[in-house]
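Residue 1083, in our numbering, is where the sequence shown stops; the numbers in between run on with no holes. Even glycine gets a Cβ: it sits at the ideal position worked out from N, Cα and C. Treat the numbers as computed from the prediction; the structure is a model and nothing was measured.
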Amino acid sequence: VTIRTSLLPFASILALAAGIAPRATAQESESARQGKTAYVALEPIGFTMMPVEGLRAGYFVNQNFVVEGAYATGSATVLDFKADKTLFEVKAKYFFGNSFYVDGGFGHESWTVKESILAANAGFTSLQAAVASNGLTLHIGNQWQWAGFTLGCDWAGYYLAASSSASACPER
């Protein structure tokens, strides 16, 4: 079981809408979702256990219910340690009012980790490992919607791994 929280998991710019035209009503995000059928969003920055960027696409069943797919990838290097992450998700998102949502679905995460080690008798050695898991996701967050711009945040998330695999091999 993995618990994920994040402060800014996605800031999205809609690729299918033309121009930013904020509405002046108290329910502007809910109003902006009305009449939309689909969107494609670029996620230039996001944070899980490392910085990621990605792409997501959604289909509006109605203004409060969206079926969404997402892809994100990221990489981090600290000294001789390097980690790469890839994430796929398919989920349903339901809005309660203006911008607050709960979403849940299926996710796939894969990690590749490589660490270089200087061993006294073996010389310079690297260890490479790969881990993958499939599981169920649940998030709460806010998504503010304007005519051509979306800003969103998963405030807290939960990932329940249903299956996983791991492999490791030393290199010289």
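Residues near residue i by beta carbon distance below 6 Å, same chain, minus five either side
{"i": "V978", "result": "Y970, A1003"}
{"i": "S1027", "result": "D991, S1037"}
{"i": "A1041", "result": "T1023, S1078"}
{"i": "S986", "result": "D995"}
Heavy atom of the ligand MG within 8 Å of residue i beta-carbon
{"i": "V1001", "result": "Although the ligand MG was asked about, the structure shown includes no ligands whatsoever."}
Chain-order list of residues whose beta-carbon lies under 7 Å from that of residue i (same chain, five-residue window excluded)
{"i": "N975", "result": "Y1005, F1006"}
{"i": "G1016", "result": "E1000, V1001, K1002, A1003, T1048"}
{"i": "S1076", "result": "A1043"}
{"i": "K947", "result": "F971"}
Three-state class that DSSP yields for residue i in the structure shown
{"i": "A1058", "result": "coil"}
{"i": "S940", "result": "helix"}
{"i": "T858", "result": "The requested residue 858 is not part of the displayed model; the chain covers only 912 to 1083."}
{"i": "S1074", "result": "strand"}
{"i": "V912", "result": "Any answer about V912 is weak, because its pLDDT of 34 lies below 50 and its placement is not dependable; what the coordinates show is given next. It is coil, neither helix nor strand."}
{"i": "D1065", "result": "strand"}
{"i": "S986", "result": "strand"}
{"i": "G946", "result": "coil"}
{"i": "M1010", "result": "Strictly speaking, residue 1010 in this sequence is Ser, with Met absent from that position. Coil at S1010, not helix or strand."}
{"i": "D995", "result": "strand"}
{"i": "L918", "result": "Here L918 scores only 35 on pLDDT, less than 50, and its place in the model is too uncertain to base an answer on."}
Those residues which DSSP pairs with residue i across a bridge
{"i": "K1002", "result": "E979, G1016"}
{"i": "N973", "result": "F976"}
{"i": "P955", "result": "None, per the DSSP bridge assignment."}
Contacting residues, own chain, Cβ-Cβ under 8 Å from residue i (five flanking each side not counted)
{"i": "F1011", "result": "I1051, G1052, N1053"}
{"i": "V972", "result": "V978"}
Problem - Three-pair Cβ contact test at 8 Å for the segment 1063-1073 versus the segment 1042-1054 - result: yes
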